[in-house]
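In the numbering used here, the protein residues as written are 457 to 719. The beta carbon of each residue, even a glycine, is placed where N, CA and C say it ideally should be. This report concerns only the one structure given below.
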Amino acid sequence: MQVQKPNVAGMFYPDDAFTLKREINHFLNQASGTVNGRIKAIIAPHAGYIYSGPVAANAYHALEAVAPGVRRVVLLAPSHRYAFQGLATTRIDAFETPLGAVPVDKQAVDAIVDLPQVEIADQAFVGEHALEVHLPFLETVLSDFSIVPLIVGEATPEQVSEVLDRLWGGDETLIVVSSDLSHYLDYDTARARDELTAEHIEHLEAERIRGEDACGARPVNGLLLAAREHGLKANMLDLRNSGDTAGDKDRVVGYGAFVFTEQ
Numbered sequence: 457m458q459v460q461k462p463n464v465a466g467m468f469y470p471d472d473a474f475t476l477k478r479e480i481n482h483f484l485n486q487a488s489g490t491v492n493g494r495i496k497a498i499i500a501p502h503a504g505y506i507y508s509g510p511v512a513a514n515a516y517h518a519l520e521a522v523a524p525g526v527r528r529v530v531l532l533a534p535s536h537r538y539a540f541q542g543l544a545t546t547r548i549d550a551f552e553t554p555l556g557a558v559p560v561d562k563q564a565v566d567a568i569v570d571l572p573q574v575e576i577a578d579q580a581f582v583g584e585h586a587l588e589v590h591l592p593f594l595e596t597v598l599s600d601f602s603i604v605p606l607i608v609g610e611a612t613p614e615q616v617s618e619v620l621d622r623l624w625g626g627d628e629t630l631i632v633v634s635s636d637l638s639h640y641l642d643y644d645t646a647r648a649r650d651e652l653t654a655e656h657i658e659h660l661e662a663e664r665i666r667g668e669d670a671c672g673a674r675p676v677n678g679l680l681l682a683a684r685e686h687g688l689k690a691n692m693l694d695l696r697n698s699g700d701t702a703g704d705k706d707r708v709v710g711y712g713a714f715v716f717t718e719q
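As structure tokens, this is what we get:
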């Protein structure tokens, strides 16, 4: 079996299973908030857990009601290392974390590879953290599931939305978009920028989010377009930055947790 080994275990999150599980459960126990409607998608951040884990946990905590029925996670993350057009997926069998191996849904991969914007590119996953850091959260919250791993390069909202339409499915399918918000602004400037970005997300304004607003702007915009077409409602659960969690306030990175519900 071909397995993608962890890229950032021991750096972005603990590489020991016991410590990792304890840390994630601590974040989840601190999370709060209720959601009306059935959750179909979430947006959550992808920094080191000490910085963004408490924010991401609010999105994952909200999945409690739907978690028993989820069997497939369409996981989209921006590319930080590999420049390319479109979206990249892989034919490897599983992604490994300290908590175990998460299988790839090969049938779902086969269902999208005929789209012109989708390519098989294993190199897009080498060294990439934005997808990986969500896996331990998913392994903790869900039980028996597979993933459709997608790294998003230079892609339009329409191209991303078309892929999501192919994979939309029913209650068994959850969509997870990985994105931080503003980068390296001072605390007050970042708060103002991120509050505006959060408004655009809550109003499903796919045309309004740019790279300087969110490093995952392309997958986020694609999700917003698909959410609009499928009649989803967006709700913000948390909006903080590294100055609130574990860093100084001179140069911060913004984080938001959002859920998208079916009405």
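Using the three-state DSSP reduction, which class does residue i fall into: helix, strand or coil?
{"i": "Ala577", "result": "coil"}
{"i": "Gly710", "result": "strand"}
{"i": "Lys705", "result": "coil"}
{"i": "Ala544", "result": "strand"}
{"i": "Gly556", "result": "strand"}
{"i": "Leu571", "result": "coil"}
{"i": "Glu718", "result": "strand"}
{"i": "Ala550", "result": "strand"}
{"i": "Leu407", "result": "Given a span of 457 to 719 for the chain in the structure shown, any question on residue 407 remains unanswerable."}
{"i": "Asp561", "result": "coil"}
Of the choices the options, whose alpha-carbon is the least far from that of residue i?
{"i": "Gln486", "options": "Glu628, Ala512 and Gly493", "result": "Ala512"}
{"i": "Gln460", "options": "Pro554, Ala518 and Leu484", "result": "Pro554"}
{"i": "Gly609", "options": "Glu552, Thr629 and Pro675", "result": "Pro675"}
{"i": "Gly504", "options": "Ala523, His517, Asp471 and Val522", "result": "Asp471"}
{"i": "Thr701", "options": "Asp600, Tyr643 and Glu655", "result": "Tyr643"}
{"i": "Ile631", "options": "Glu479, His482, Arg696 and Ala497", "result": "Ala497"}
{"i": "Gly710", "options": "Ala518, Ala654, Lys477 and Asp636", "result": "Asp636"}
{"i": "Asp627", "options": "His502, Glu718, Ala690 and Lys477", "result": "Glu718"}
{"i": "Ala673", "options": "Glu520, Asn514, Ala690 and Leu532", "result": "Leu532"}
{"i": "Leu620", "options": "Ala518, Arg684 and Ala690", "result": "Arg684"}
{"i": "His686", "options": "Asp566, Phe468 and Gly625", "result": "Gly625"}
{"i": "Ala557", "options": "Ala473, Gly466, Lys705 and Cys671", "result": "Ala473"}
{"i": "Val464", "options": "Val582, Lys705 and Ala690", "result": "Val582"}
{"i": "Cys671", "options": "His502, Gly466 and Asp566", "result": "His502"}
{"i": "Asn481", "options": "Phe468, Asn514, Met467 and Gln458", "result": "Asn514"}
{"i": "Gly466", "options": "Val565, Glu479 and Gly525", "result": "Glu479"}
{"i": "Ala544", "options": "Gln458, Gly525 and Val565", "result": "Val565"}
Is the Cβ-Cβ distance between residue i and residue j less than 8 Å?
{"i": "Gly703", "j": "Tyr507", "result": "yes"}
{"i": "Asp561", "j": "Arg528", "result": "yes"}
{"i": "Glu584", "j": "Ile548", "result": "no"}
{"i": "Leu641", "j": "Val708", "result": "yes"}
{"i": "Arg649", "j": "His656", "result": "no"}
{"i": "Tyr516", "j": "Ala539", "result": "no"}
{"i": "Ser638", "j": "Asp669", "result": "yes"}
{"i": "Val762", "j": "Ala523", "result": "Any question about residue 762 goes unanswered here, given that the chain covers just 457 to 719."}
{"i": "Thr546", "j": "Asp578", "result": "yes"}
{"i": "Phe716", "j": "Met692", "result": "no"}
{"i": "Gly509", "j": "Phe551", "result": "no"}
{"i": "Ser599", "j": "Pro559", "result": "no"}
{"i": "Arg647", "j": "Ile568", "result": "no"}
{"i": "Ala586", "j": "Pro534", "result": "yes"}
{"i": "Ala611", "j": "Gly667", "result": "no"}
{"i": "Ala654", "j": "Leu695", "result": "yes"}
{"i": "Ile495", "j": "Leu519", "result": "yes"}
Kindly indicate if chain C contains any beta-carbon less than 8 Å away from that of residue i.
{"i": "Phe474", "result": "In the structure shown, chain C does not exist; there is a single protein chain."}
With a floor of 3 residues, list each beta strand (DSSP E) that falls wholly inside the stretch 599-644, ordered by position along the chain.
-> For the stretch 599-644, the continuous beta strand (DSSP E) assignments of 3+ residues that do not extend past its boundaries occur at 602-608, 629-634 and 639-641, in sequence order.
Taking only runs of the alpha helix (DSSP H) that begin and end inside the stretch 460-541, which ones reach a length of at least 4 residues, in chain order?
-> As far as the stretch 460-541 is concerned, its whole alpha helix (DSSP H) runs of at least 4 residues are 473-486 and 505-517.
Do the stretch 564-577 and the stretch 615-625 make contact, defined as three or more Cβ pairs closer than 8 Å?
-> Pairwise C-beta distances place the stretch 564-577 in contact with the stretch 615-625, as three or more of them are shorter than 8 Å.
Go through the stretch 635-691 residue by residue and report every complete run of the alpha helix (DSSP H) that reaches 4 residues or more, in order.
-> If we require 4 residues or more, the alpha helix (DSSP H) runs fully inside the stretch 635-691 come out as 643-658 and 673-686.
Report yes or no: do the stretch 487-496 and the stretch 586-600 share at least 3 C-beta pairs separated by less than 8 Å?
-> A contact between stretches requires three or more CB pairs, one per stretch, nearer than 8 Å, and the stretch 487-496 fails this requirement with the stretch 586-600.
Does the stretch 676-689 come within contact of the stretch 650-667, defined as at least 3 CB pairs closer than 8 Å?
-> The count of Cβ pairs closer than 8 Å, one atom from the stretch 676-689 and one from the stretch 650-667, reaches three, so the stretches are in contact.
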